[in-house]
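Participant: Mapping the sequence shown onto numbering that gives the first Met the number 0, position 176 (from 1) lands on 175, and the numbers just tick up by one.
Glycine included, every Cβ here is placed at the ideal spot set by N, Cα and C.
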Amino acid sequence: MQVETASTERLDLVWLSPAALEGLLDGRRSDVEQLGGFALPDDWPNEHDRRFLAYRQRQISKDPGEARWLVRAIVLRDEARPMIGHIGFHGSPGRNSRSDPQAVEVGYTIFEPYRRRGYATEAVRALMGWAEGEGIDRFVASIAPDNVPSLALVGKLGFREVGRHWDDEDGEELEFELP
Ligand SMILES: CC(C)(COP(=O)(O)OP(=O)(O)OC[C@H]1O[C@@H](n2cnc3c(N)ncnc32)[C@H](O)[C@@H]1OP(=O)(O)O)[C@@H](O)C(=O)NCCC(=O)NCCS
Numbered sequence: 000m001q002v003e004t005a006s007t008e009r010l011d012l013v014w015l016s017p018a019a020l021e022g023l024l025d026g027r028r029s030d031v032e033q034l035g036g037f038a039l040p041d042d043w044p045n046e047h048d049r050r051f052l053a054y055r056q057r058q059i060s061k062d063p064g065e066a067r068w069l070v071r072a073i074v075l076r077d078e079a080r081p082m083i084g085h086i087g088f089h090g091s092p093g094r095n096s097r098s099d100p101q102a103v104e105v106g107y108t109i110f111e112p113y114r115r116r117g118y119a120t121e122a123v124r125a126l127m128g129w130a131e132g133e134g135i136d137r138f139v140a141s142i143a144p145d146n147v148p149s150l151a152l153v154g155k156l157g158f159r160e161v162g163r164h165w166d167d168e169d170g171e172e173l174e175f176e177l178p
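So this is what it looks like as structure tokens:
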């Protein structure tokens with residue numbers, strides 16, 4: 000299976016296939032770089048993101064159909080093609096904190112040196128555009144109440160706060176929907 004790259008003016012959102020996830024977790028960095036056509040940051044995946052990738056890998060082993068919704072590298076489209084962050088949905092439609100059967104939940108990170116240049120805004124819009132092509136028109140996001148940048152981002156995109164929940168890993172989170 001191959002999932003198409005979503006592209007914007009400055010970015011490519013390159014899907015991390017099950018083989019790429021395995022390569023990252025096994026430390027086969029150059030294989031992953033070759034497979035994806037981008038340059039990995041020296042310090043990624045860190046311990047936190049290794050746990051995140053391993054979780055996604057377990058999700059795929061339970062249901063291979065999940066893979067296409069999960070992690071993508073956010074790649075800057077210049078000559079060096081650095082990976083500047085990652086983005087994806089928490090799973091296929093229905094796997095979201097609102098238990099909305101029609102919705103997908105988006106998650107994203109831009110690595111620190113690249114923040115505040117509009118890359119997250121551009122990447123989230125592009126990923127939602129890809130999902131719209133898959134027939135999705137309902138989006139969810141969960142954000143810690145003190146995460147000012149992420150709250151600003153979803154506000155800018157038109158999401159509205161609709162609830163809150165407790166997450167064992169991340170603590171209290173506010174729930175947002177894009178109407
Ligand atoms: C949240 C995050 C992805 C934003 O990435 P980014 O590329 O810097 O975001 P953008 O440049 O697209 O900024 C979008 C809006 O957020 C706001 N914003 C971004 N960083 C901000 C900050 N440090 N303080 C206040 N507002 C901020 C701005 O309003 C900005 O809009 P503007 O450029 O029109 O002013 C990034 O800070 C990050 O990776 N944080 C750590 C991981 C994380 O929290 N992920 C989200 C989990 S829910």
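Counting along the chain, where does the beta strand (DSSP E) carrying Ala140 start and finish?
Facilitator: Here the beta strand (DSSP E) through Ala140 covers 137–142.
Participant: Which residues mark the beginning and the end of the alpha helix (DSSP H) in which Met127 is found?
Facilitator: First-last of the alpha helix (DSSP H) with Met127: 118–132.
Participant: Starting from the C-beta of Pro44, find all residues in its chain whose C-beta is less than 7 Å away, skip the five residues before and the five after it, and write them out in chain order.
Facilitator: Closer than 7 Å at the Cβ level, and outside the excluded window around Pro44, lie Leu23, Leu52.
Participant: Examine ligand 1 and report whether any of its heavy atoms sits within less than 7 Å of the Cβ of Leu152.
Facilitator: It does: the Cβ of Leu152 is within 7 Å (strictly closer) of some heavy atom of ligand 1.
Participant: Below 8 Å on the Cβ atoms is my guess for Arg71 versus Val13; work out the distance and round it to an integer in Å.
Facilitator: With a Cβ gap of about 6 Å, Arg71 and Val13 count as contacting.
Participant: To which residues does DSSP link Val105 through a beta bridge?
Facilitator: Phe88.
Participant: Is it right to say Arg55 is buried, meaning 16 or more other beta carbons lie within 10 angstroms of its own, or is it exposed?
Facilitator: It counts as buried.
Participant: So which of Arg80, His47, Thr120, Arg114 has the shortest CA-CA distance to Val105?
Facilitator: The shortest C-alpha separation from Val105 is found at Thr120.
Participant: Between Asp136 and Ala122, what straight-line distance do the alpha-carbon atoms span, to the nearest angstrom?
Facilitator: Computed Cα separation, rounded: 17 Å.
Participant: Gly84 to Glu111, Cα distance in whole Å?
Facilitator: Taking the straight line joining both Cα atoms gives about 9 Å.
Participant: Inspect the beta-carbon positions of Pro92 and Ile59 and report whether they are closer than 8 Å.
Facilitator: No, Cβ-Cβ distance for Pro92 and Ile59 is not below 8 Å.
Participant: What separation, rounded to the nearest whole angstrom, lies between the Cα atoms of Arg163 and Ser149?
Facilitator: Distance between the alpha carbons of Arg163 and Ser149 is about 15 Å.
Participant: Measuring alpha carbon to alpha carbon, tell me which residue in Gly35, Asp48, Ser29, Gly90 is nearest Asp11.
Facilitator: Nearest option by C-alpha distance: Gly35.
Participant: Let's test the definition: count the other Cβ atoms within 10 Å of the Cβ of Met127 and tell me whether it reaches 16, buried, or not, exposed.
Facilitator: It counts as buried.
Participant: Note down, one range per segment and in chain order, each beta strand (DSSP E) of at least 3 residues found wholly within the segment 1–63.
Facilitator: Listed in chain order, they are 10–14.
Participant: Are there 16 or more other CB atoms within 10 angstroms of the CB of Ser29, so buried, or fewer, so exposed?
Facilitator: Burial call: exposed.
Participant: Could you please give the first and the last residue of the uninterrupted beta strand (DSSP E) stretch that includes Gly170?
Facilitator: Residues 170–177.
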